[in-house]
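Read through the structure below, which is laid out as structure tokens, and then see the notes.
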Amino acid sequence: VDAAATLHALRLGQSNGALTILNPAPPPLPSTDSKHEKGYFELLPELLAASDYCCPNETEALQLIHRSVSTVCTVESSGDGISPLPDEFLTCLDWLAEQGVKQPIITLGSKGVAILLDPSKVPAELPVDVTIVQSRKSRKSTTKGAILLLSAPHILSVVDTTGAGDSFVGALAYFVSSHPQLSTLEHVRRALWVASQSVRKVGTQSSYPNRDELHPTLFEASVFQWPSADKW
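Here the sequence shown is numbered in this note's numbering, starting from 42 and rising by one per residue.
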């Protein structure tokens, strides 16, 4: 899709009260043709400013802040849970917020999702799958908010992870638009759960679960409790 058309769509959506979500994939690269119209690389600041949500994956996040990547950092898990995020990801979340993104998110594959959340949206009691990586008070950045890490469900029967990222973004768009009464944290947690179920099948769109394949409380409860792994 043409970059200018994407920017127009985002701005048109915001001007009409819609929430906008940008999935910056593949990462924007500078145009090699000096006569070429502005592409995603050149329009990136404007695209981000017109985005309420931005959801890069690990590689895309690093390329957004460095514009070129030679080494990709990954999030390693330990026996005690998920380790702190690499500084590059913390920097990217802050950078996205500085560019005007209201809800910066980084998807981390099987490790889950990292989000920069406004302090007023952080519940006093967090679900067991959510960890505060940096609180507002402990952060050196001037960007308001706490950085949270949402762990992904452990799926034993992984078949194909190709479409998981797009599944997450699509599910996020659904929960944001169809369940506005839920918190931002719940929108992201539920989108993460849906994406985790997509790895059980081969393909991209063909792997996305139908509603009747998902646990009913995903669409009902104010706080979604993960079903037991042996059933779902």
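Think of the CB as a built atom: it goes at the ideal place given N, C-alpha and C, for glycine as much as any other residue.
Pair within 7 Å by beta-carbon distance, residue i and residue j
i    : j    : result
I196 : V240 : yes
L85  : L48  : no
T148 : G206 : yes
R231 : F216 : yes
V243 : V200 : yes
L134 : L157 : yes
C95  : L63  : yes
V174 : L126 : yes
P71  : F82  : yes
L191 : V171 : yes
Identified DSSP bridge partners for residue i
i    : result
V154 : T148 and L191
I173 : L189
I196 : DSSP, once it has assigned bridges, lists no residue as partnering I196.
G94  : Note that residue 94 is Tyr in the sequence shown, not Gly. I62 and Q144.
First and last residue of the uninterrupted alpha helix (DSSP H) at residue i
i    : result
Q104 : E99 to H107
K167 : In the sequence as presented, Lys is not what sits at residue 167; that position holds Leu. Careful: L167 lies outside any alpha helix (DSSP H) and carries neither H nor E.
V229 : T225 to S239
P86  : Y81 to A90
G54  : A44 to S56
A138 : D128 to E139
V264 : Looking at the DSSP string, V264 is not in any alpha helix (DSSP H), and its letter there is neither H nor E.
G244 : First-last for G244: undefined, no H or E at that position.
L213 : A205 to S219
Closest residue to residue i among the options (Cα-Cα distance)
i    : options                   : result
S176 : R231, V163, P168 and Y215 : V163
A102 : Q144, P65, K79 and P71    : P65
P68  : Q140, L51, L131 and L105  : L105
W234 : E87, N98 and G150         : G150
K185 : L89, D170, V142 and L126  : V142
S56  : L259, A90 and T100        : A90
S208 : T258, S219 and S237       : S237
H107 : S192, V169, G54 and W136  : W136
S161 : Y81, G54 and L226         : L226
Q246 : T203, Q266, H228 and E254 : T203
S219 : F82, G54, A59 and L167    : A59
L53  : L70, D93, F265 and F82    : D93
K79  : E99, V264, P268 and D43   : D43
T61  : E99, P145 and D128        : P145
F130 : L167, L189 and L88        : L189
E261 : N251, P168, E99 and Q222  : Q222
E99  : S224, K152 and L255       : K152
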